[in-house]
Structures are given as structure tokens and as C-alpha cells.
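In full-length UniProt numbering, the protein residues as written are 1 to 469.
All C-beta atoms, glycine included, are put in the ideal place defined by N, C-alpha and C.
Just so we're clear, the structure is a prediction, and the values are computed from it rather than from any experiment.
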């Protein structure tokens with residue numbers, strides 16, 4: 001018996017008692033939605049995840065992944081479609097990994113996202129899901145992204161530039177994305193044509209060889225920025241790059257070469273070379289302006305960012321005499337919103353370049369009631385408390401992993417009247433809310449906001465108040 005045959009026999013025995021087997025064709029009734037937008041169904045009480053299936057549907061699937069407690073199935077046919085199923089608008093949908101929900105009406109997307117947040121509040125937070133309000137979406141769920149990042153690959157003879165395929169780093173060729181602003185699609189097409197015309201050697205992720213890794217577009221109020229990410233400072237025909245972009249896209253006010261020599265999935269390297277124009281472009285959220293460099297963090301959907309931050313401000317309910325701590329302040333965007341109405345805002349962020357940007361943003365916008373500290377919030381907040389700082393409100397806006405538990409306990413020790421939690425990951429938010437509830441806080445309300453239509457992602461703002469003893 002050969003090695004492969006023995007392995008297959010061992011695998012067959014391992015999963016012998018499961019109700020499905022690898023490559024089996026089965027019928028599945030979809031009853032829920034998973035964290036990445038996939039349908040969730042059962043075969044004899046055994047969970048099967050099915051990408052592109054919707055709650056309420058009966059589908060035929062082929063089992064492609066089999067584990068002890070679940071399986072993943074490839075959609076073969078939709079035998080009983082949901083009422084809100086529609087034809088996707090994008091011809092690359094299902095191949096490109098950027099969108100997961102184009103096959104459902106936008107009203108259906110909002111309902112799914114609301115249910116997703118309610119499910120984790122109940123299952124992980126062990127709290128009343130009715131505290132979650134209906135998701136707020138934009139009037140137009142298309143063409144919202146102000147930043148485009150396209151990997152470049154293939155060979156000099158057959159250059160690919162576009163989007164990563166679902167679940168892989170294979171590049172799907174395409175320069176027209178329906179959730180990108182059209183300006184970015186124009187940048188993508190011009191840069192792709194230039195790459196092909198100049199025969200620039202594309203980057204090979206496996207070998208680390210090649211020159212051009214990514215093309216990035218950023219759209220601001222003051223102009224457009226093009227960023228060419230290369231493996232070294234040598235960019236053949238850099239002058240022709242600049243000439244081609246300027247001739248076809250006069251709105252471009254900044255062309256930057258970013259150097260990233262490392263064999264890594266991180267897109268940007270630390271060094272920039274200005275090829276043309278200004279080092280920054282300018283954009284704003286309401287009346288607060290920001291200078292954006294290639295490394296600057298800025299929300300990709302400004303319209304919905306305003307909705308998100310206005311909600312945080314509403315929950316904070318500032319009257320003008322409060323001290324507020326923004327415990328994961330980043331470049332200070334939420335901090336400056338809060339500073340409009342607070343007496344004093346203290347932003348804490350462990351990433352020093354972000355704090356430098358935050359200080360500059362505050363100075364440029366005329367705020368004198370802000371203070372930005374480079375520190376770990378778990379370490380800094382006890383110091384502030386010892387020095388007499390008593391925040392009325394603490395705001396969290398952590399990364400997807402959520403807050404460190406010591407940050408939460410440090411916040412609780414400061415006894416703020418309110419905690420406002422802004423989250424890009426409802427599951428970790430629910431986990432952190434449960435910790436805060438165990439430490440004397442009560443969840444008042446959760447407002448989901450759809451920052452990324454057509455995708456499975458949803459942001460939230462939660463309001464918690466201290467229980468009076």
C-alpha cells in the first residue's frame with residue numbers, strides 16, 4: 001500500500017462517524033450567516049459552512065473541507081433561493097476576494113449585519129441582543145473607497161494587476177472595482193497600461209524577485225496620490241512613469257515611490273521617494289482636515305466615518321466640562337471629534353508615528369485642548385489616575401483583536417461614568433463588553449454602522465455606563 005493510499009485510508013477512518021464525507025454532494029438548509037458572510041447550515045446536526053449561500057435557502061453543495069466539528073461546502077446549485085437573492089453586479093464576483101455579499105440586496109446586507117452583531121452580543125457577551133439597533137448604511141453602497149491597493153504579479157510578458165482571489169494570493173486581473181471610487185479605477189488603468197508598456201518586471205511573492213509590488217491610489221479633496229511600491233530604490237523609467245500619469249491624470253498632485261525590500265505580506269516599506277508634486281494630499285471629515293502621506297491611516301469611507309464618529313459623540317454626550325481619554329487614538333481622528341465638545345481630551349497610542357500625526361492634526365485644526373501620549377494604555381492610564389486625572393468618558397477604538405484585558409481593568413479602575421467602544425470586530429467587542437459588565441458596567445446600546453458595503457465587515461459603536469453602587 002502506497003503512502004498516499006495509507007493517508008487517505010487513515011483520514012477516512014478518522015471521519016468515519018461523520019454524516020458527510022469529502023467530495024460528497026449533499027443538500028443543506030441554510031439557517032444563519034457566518035463571520036465572513038458565508039451561509040451556515042446543518043446536515044444531521046453537523047455544521048456546514050457554504051460561501052455565497054443565504055439564510056432561508058436550500059442548496060446543493062460539494063464538501064471540500066472536513067473537520068471534526070464542521071465542514072465547508074462549495075455551492076453547486078441554489079435549489080430554493082432566498083427572496084433577497086440577486087445577481088451580482090461585478091463580473092469578477094466570486095473569484096475576487098474583495099466582496100462577499102453582492103448576491104444579496106443591500107437591505108438584506110444590512111439585516112444580515114445587524115443579526116451578526118446581535119448573535120455575538122448574545123452568544124459571546126451573554127447579553128440581550130435587542131440592545132443592538134438596526135445597522136446604519138449609506139444611501140449609495142457603491143463607489144465608496146477612497147484608497148485602492150492593487151498587487152502586481154505575473155511575468156513581464158503577462159503582467160497581472162488587480163485583486164487577490166478568494167482565500168489566496170493569486171492575482172485576479174482587473175482594474176475596475178465597483179466599490180472603489182472611479183478616480184481610483186482611473187489610476188489603476190493608467191498604471192496597468194504603463195507597467196505593460198514599460199515592461200516593468202512584476203514582483204514574485206515566492207522568490208522575492210522583481211521590481212513592482214503594488215500600485216496604490218489615494219483620493220483626497222486637494223488631489224490624487226499615486227504610490228508605486230517597489231523592492232528597491234531603482235525604478236526603471238521613473239521619468240516615463242511620471243510623464244504618463246501626469247499626461248493622462250492631471251488631477252494627480254503627488255506621485256511617490258515606496259521602497260519595500262522585505263519578503264513580507266506587509267504592503268508598505270519604511271522609505272518614500274517623492275517622484276512628483278507634494279508629499280501629502282489633504283482630506284477632511286466634516287470640518288477637520290488631515291494631511292495624508294503614503295503611511296497615514298485614514299478611513300476609506302469618509303461618508304460613513306462621519307456617521308460612525310457622530311454616533312460615538314452622541315453616546316459620549318459631552319457638555320463641555322468633561323475630561324475624555326481616547327485609549328487607542330491612532331492619528332487622533334476620534335479625539336478631535338471629541339475635542340469639539342470636551343474640556344480636555346487625552347489620546348494614548350503605542351505607535352509613535354501615529355501620535356506625531358495626531359499632534360500635527362490637532363495643531364493644524366486649531367485644537368488646544370488635546371494631549372497625545374506615546375504609551376501602552378494599560379501602563380499609562382494608572383499613571384494618569386495616580387496624577388489626579390479622573391476621566392468622565394473613556395473611548396476605545398482598538399484593532400481587530402480588541403482590547404488587552406489590562407487596558408479594560410485599568411479603565412474600570414478610573415471609574416468613568418461612560419465607556420464608548422468603537423469596534424471593527426463585533427466578536428472581540430462582545431468579549432470585551434462581557435469583561436466590562438463583570439466589572440461594574442452596563443451595556444446600554446450598540447449601533448452597527450456599515451462602513452464596507454458588499455463585504456461581510458461591520459463596525460459598531462457601543463455605549464456602556466457605570467452601575468451606581
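> Distance, Cα to Cα, residue 506 vs residue 28?
Replying inline: Missing from the structure shown is residue 506; the chain here goes from 1 to 469 and no further.
> Could you give the uninterrupted runs of the beta strand (DSSP E) lying entirely in the segment 404-433, keeping only those of 3 residues or more?
Replying inline: The DSSP assignment places complete beta strand (DSSP E) segments of no fewer than 3 residues inside the segment 404-433 at 418-423, in order along the chain.
> Are residue 146 and residue 218 touching if we call contact CB-CB under 8 Å?
Replying inline: Here residue 146 is taken as the residue at index 146 of the chain shown, counted from 1. Here residue 218 is taken as the residue at index 218 of the chain shown, counted from 1. Against a cut-off of 8 Å, the Cβ pair of residue 218 and residue 146 comes out as a contact.
>> Let me make sure I understand the geometry here. Which of 382, 340, 391 has the alpha-carbon closest to that of residue 346?
In response: The count along the chain shown starts at 1 and reaches residue 346 at position 346. Residue 391 is the option with its Cα nearest to residue 346.
>> Need the endpoints of the alpha helix (DSSP H) that residue 77 sits in, please.
In response: Numbered from 1 along the chain shown, position 77 holds the residue referred to as residue 77. Note, residue 77: premise wrong, no alpha helix (DSSP H); beta strand (DSSP E) at 70-80.
> Is there contact here, the segment 372-388 with the segment 70-85, by at least three beta-carbon pairs under 8 Å?
Replying inline: Cβ pair count under 8 Å is below three, so no.
>> Can you give me the C-alpha to C-alpha distance between residue 326 and residue 394, rounded to a whole angstrom?
In response: Stepping through the chain shown from its first residue, residue 326 is reached at position 326. Stepping through the chain shown from its first residue, residue 394 is reached at position 394. Answer to the nearest angstrom: the Cα atoms are 6 Å apart.
>> In this structure, how does DSSP classify residue 371 when only helix, strand and coil are distinguished?
In response: Within the chain shown, the letter at position 371 stands for residue 371. Note: residue 371 maps to strand in three-state DSSP.
>> Between which two residues does the alpha helix (DSSP H) holding residue 335 run?
In response: For the purposes of this step, residue 335 is taken as the residue at position 335 of the chain shown. For residue 335, the enclosing alpha helix (DSSP H) begins and ends at 333-339.
> So what does DSSP say about residue 306, is it helix, strand or coil?
Replying inline: Residue numbering aside, residue 306 sits at position 306 when the chain shown is read from its first letter. Residue state, collapsed to three classes: helix.
> Is residue 227 closer than 8 Å to residue 256 when the C-beta atoms are compared?
Replying inline: Walking along the chain shown from the start, residue 256 turns up at place 256. Walking along the chain shown from the start, residue 227 turns up at place 227. Cβ atoms of residue 256 and residue 227: closer than 8 Å.
> Since residue 361 and residue 330 are thought to touch, with beta carbons under 8 Å apart, how far apart are those beta carbons, to the nearest angstrom?
Replying inline: As a first step, residue 361 must be located in the chain shown, where it is residue number 361. As a first step, residue 330 must be located in the chain shown, where it is residue number 330. For a cut-off of 8 Å, the C-beta gap from residue 361 to residue 330 is around 10 Å, too long to register as a contact.
> Are the segment 419-431 and the segment 296-304 touching, with three or more C-beta to C-beta distances below 8 Å?
Replying inline: Short answer: they don't touch.
> Within this structure, are the beta carbons of residue 447 and residue 467 separated by less than 8 Å?
Replying inline: For this step, residue 447 is matched to residue 447 along the chain shown. For this step, residue 467 is matched to residue 467 along the chain shown. With a cutoff of 8 Å on beta-carbon distance, residue 447 and residue 467 are scored as not near each other.
>> Between which two residues does the beta strand (DSSP E) holding residue 224 run?
In response: Looking up residue 224 in the chain shown gives position 224. Element bounds for residue 224: 224-230.
> Where residue 41 and residue 63 are concerned, what is the direct C-alpha to C-alpha distance, given to the nearest angstrom?
Replying inline: Taking the chain shown and counting its residues from 1, the one referred to as residue 41 is at position 41. Taking the chain shown and counting its residues from 1, the one referred to as residue 63 is at position 63. When rounded, the distance between both Cα atoms is 13 Å.
>> If I measure Cβ to Cβ from residue 435 and keep anything under 7 Å in the same chain, skipping five residues before and after, which residues do I get?
In response: As a first step, residue 435 must be located in the chain shown, where it is residue number 435. For residue 435, where only same-chain residues beyond five positions count, the Cβ hits under 7 Å are 405, 408.
> With residue 179 and residue 453 assumed to form a contact (beta carbons below 8 Å), what rounded beta-carbon distance in angstroms separates them?
Replying inline: Position 179 of the chain shown, counted from the first residue, corresponds to residue 179. Position 453 of the chain shown, counted from the first residue, corresponds to residue 453. Sure, about 7 Å apart at Cβ, within 8 Å.
>> Quick check: residue 309 and residue 290, are their CB atoms within less than 8 Å of each other?
In response: Mapped onto the chain shown, residue 309 falls at position 309. Mapped onto the chain shown, residue 290 falls at position 290. Cβ atoms of residue 309 and residue 290: not closer than 8 Å.
> Per DSSP, which one or two residues make a beta bridge with residue 258?
Replying inline: The count along the chain shown starts at 1 and reaches residue 258 at position 258. Looking at the DSSP assignment, residue 258 forms a beta bridge with 229, 272.
> Short check: CB of residue 341 to CB of residue 320, under 8 Å?
Replying inline: Counting from 1 along the chain shown, the entry for residue 341 is found at position 341. Counting from 1 along the chain shown, the entry for residue 320 is found at position 320. The beta carbons of residue 341 and residue 320 sit closer together than 8 Å.
>> With a threshold of 6 Å on Cβ separation, who are the neighbours of residue 88 within its own chain once the five nearest residues in sequence on each side are excluded?
In response: Residue 88 sits at position 88 when you count from the first residue of the chain shown. Within the same chain, residue 88 has close Cβ partners 102, 103.
> If we ignore side chains and look at the alpha-carbon of each, how far apart do residue 510 and residue 464 end up?
Replying inline: A query on residue 510 cannot be resolved here, the shown segment of the chain reaching from 1 to 469 and no further.
>> Across the segment 193-201 and the segment 155-173, are there enough close Cβ pairs to call them in contact, namely three or more that are closer than 8 Å?
In response: Touching, per the Cβ criterion.
>> The alpha helix (DSSP H) that contains residue 291, what's its start and end?
In response: Translated into the one-based positions of the chain shown, residue 291 becomes position 291. Taken as a continuous stretch (DSSP letters only), residue 291 belongs to no alpha helix (DSSP H), being part of the beta strand (DSSP E) at 288-292.
> So, residue 163 versus residue 98, is the Cβ gap smaller than 8 Å?
Replying inline: As a position in the chain shown, residue 163 is number 163, starting the count at 1. As a position in the chain shown, residue 98 is number 98, starting the count at 1. Yes.
> For the candidate residues 383, 246, 113, whose alpha-carbon lies nearest to that of residue 191?
Replying inline: Translated into the one-based positions of the chain shown, residue 191 becomes position 191. Each of 383, 246, 113 was checked against the Cα of residue 191, and the nearest Cα belongs to 246.
> Do residue 555 and residue 137 have their C-beta atoms within less than 8 Å of each other?
Replying inline: No statement about residue 555 is possible, as the shown extent of the chain runs from 1 to 469 and does not include it.
> In or out: residue 377 buried (at least 16 other Cβ within 10 Å) or exposed?
Replying inline: Sequence index remark: in the chain shown, residue 377 carries index 377 (1-based). With a threshold of 16 other beta carbon atoms within 10 Å, residue 377 meets it and is buried.
> Taking the Cβ atom as the reference point for each residue, do residue 175 and residue 165 lie within a distance shorter than 8 Å?
Replying inline: Walking along the chain shown from the start, residue 175 turns up at place 175. Walking along the chain shown from the start, residue 165 turns up at place 165. The answer is no: Cβ separation not under 8 Å.
> So is residue 251 buried or exposed if we call it buried at 16+ other beta carbons inside 10 Å?
Replying inline: Walking along the chain shown from the start, residue 251 turns up at place 251. Counting C-beta atoms within 10 angstroms of its own C-beta, residue 251 has fewer than 16 neighbours from the protein chains shown and is therefore classed as exposed.
>> Restricting to Cα atoms, I'd like to know which of 254, 34, 61 is closest to residue 22.
In response: Within the chain shown, numbered from 1, the residue matching residue 22 stands at position 22. Distances from the alpha-carbon of residue 22 to those of 254, 34, 61 put 61 closest.
> Which of helix, strand or coil does DSSP assign to residue 203?
Replying inline: Looking up residue 203 in the chain shown gives position 203. Residue 203: coil per DSSP, three-state reduction.
> From residue 116 to residue 235, what distance separates their C-alpha atoms?
Replying inline: Numbered from 1 along the chain shown, position 116 holds the residue referred to as residue 116. Numbered from 1 along the chain shown, position 235 holds the residue referred to as residue 235. Going from the Cα of residue 116 to the Cα of residue 235 covers about 46 Å.
>> Taking the alpha carbon of residue 135 as the reference point, which residue from 106, 125, 216 has its own alpha carbon closest?
In response: Position 135 of the chain shown, counted from the first residue, corresponds to residue 135. Nearest neighbour of residue 135 by Cα position, chosen from 106, 125, 216, turns out to be 106.
> Closest to residue 370 by CA distance: which of 381, 355, 417 is it?
Replying inline: The residue given as residue 370 occupies position 370 in the chain shown. Ranking 381, 355, 417 by Cα distance to residue 370 puts 355 first.
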